[in-house]
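Engineer: In our numbering, the protein residues as written are 10 to 425.
#1: Where does residue 383 fall in DSSP's three states?
#2: Does DSSP classify residue 129 as helix, strand or coil?
#3: For residue 261, is the classification buried or exposed, using 16 other Cβ atoms within 10 angstroms of its Cβ as the cut-off for buried?
#4: Can you give the Cα-Cα distance for residue 287 and residue 269, rounded to whole angstroms?
#5: According to DSSP, simplified to helix, strand and coil, what is residue 378?
#6: Tell me where the beta strand (DSSP E) around residue 72 begins and ends.
#7: How would you call residue 233, buried or exposed, if buried means at least 16 neighbouring beta carbons within 10 angstroms?
#8: Let me make sure I understand the geometry here. Which of 255, 152, 301, 104 has the alpha-carbon closest to that of residue 228?
#9: Please report the residue range of the alpha helix (DSSP H) in which residue 208 lies.
#10: Let's see if you can read the secondary structure: which residues bound the beta strand (DSSP E) around residue 291?
#11: Counting along the chain, where does the alpha helix (DSSP H) carrying residue 276 start and finish?
#12: To the nearest angstrom, report how far apart residue 202 and residue 319 are at their CA atoms.
#13: With H, G and I counted as helix, E and B as strand and the rest as coil, what does DSSP make of residue 137?
#14: Please classify residue 23 as buried or exposed, where buried requires at least 16 other C-beta atoms within 10 Å of its C-beta.
#15: Measuring alpha carbon to alpha carbon, tell me which of 385, 397, 398 ends up nearest residue 410.
#16: Taking the alpha carbon of residue 92 as the reference point, which residue from 41, 111, 54, 122 has its own alpha carbon closest?
#17: Identify whether residue 63 lies in helix, strand or coil by the three-state DSSP scheme.
#18: Quick check on this structure: which residue in 25, 116, 307, 295 has the alpha carbon closest to the alpha carbon of residue 315?
#19: Taking only three categories from DSSP, how would you classify residue 119?
#20: Which value, in whole angstroms, describes the spacing of the CA atoms of residue 61 and residue 48?
#21: For a test of the three-state rule: what should DSSP assign to residue 334, helix, strand or coil?
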């Protein structure tokens, strides 16, 4: 939703980012060059043992259907390191965009608009990305060609000709399972309409259909309802911030019909009215719904329309790639900028303690100062009323912390 929130802010009459390049890299995970990837990792990691370990991981091969396959390029899909390594690799795409468009000041962007040129915004989630552009269509096409050349020459990745499209926002495009379209109704104001894609809706229908086929009639009704509820809740909450009320209403009716068909297959000797009397029961005194169980231990079929629509509030996080003073991307190999850990979810006092605790652990090398242990570490106050000064704090393991005289109840026990 952080990616979709950007579209709400940019695709509107004030910014006019109406042209969209739907980026699609052909077999991105399978085409990542091992040599280039290791060079990028070496910019931040100096330990050669880690580099060799990553190299072994990349060249270990995969087992598929009992058959071993060697891989001279790419990261194995499903591997624990693959998402991280692919983001390290595609971070070069972020840098390419930043050097050309992202680092422009407001005055430079305004100047480009006055010169009838456009500005560009990159929105990327792993290997799925789009480029928003507010210039003429001819420049959008040249931008796509420039992007294709960069991916091929620098990252050895191929931009798919068929799936990489240039689309106007009024035509609509799909991104991360959402269909985004700029609506211009004649009787109301223009607005950006974001809905679930038809492919996502069809995948949900196919999943529910597999779960309610004839081969699963041996399961209990309660187990079946619980299994379906997990699928419906996950899908519904994914789209709770966008316009999906109409789709959810249609899916509720369709899932209810699938549940009836499954019950008819399970109880072949019972008619429709008998099944309705047995399983279509009153829920909370308000409505009739499919359910199973007795008393308060009843399980009802989850309805997607019960999910309340809520406006997504994106958190104003600082950009981890920007330096606060110069507002530029730090040089490769430079120390990462400090990120504030407090996000408003706790008290300011507790957040300050977290920051001080992290500094003490780092100062003491993440080791207990008494026994040298590196697990179950705690920060100990030398003087209980000495405050959170650095000279009053030391790192101890849990065992040494308990045995220290000034440790809470143990200190009282010893003094008594």
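For glycine and all other residues, C-beta sits at the position ideal for the given N, C-alpha and C.
Structural biologist: Looking at the atomic coordinates:
#1: coil
#2: strand
#3: buried
#4: 12 angstroms
#5: coil
#6: 71-73
#7: buried
#8: 301
#9: 207-220
#10: 289-292
#11: Careful: residue 276 lies outside any alpha helix (DSSP H) and carries neither H nor E.
#12: 15 angstroms
#13: strand
#14: exposed
#15: 385
#16: 41
#17: helix
#18: 295
#19: helix
#20: 12 angstroms
#21: The pLDDT assigned to residue 334 is 45, lower than 50, so where the model puts this residue is not dependable; a value taken from the coordinates is nonetheless given after this. Note: residue 334 maps to coil in three-state DSSP.
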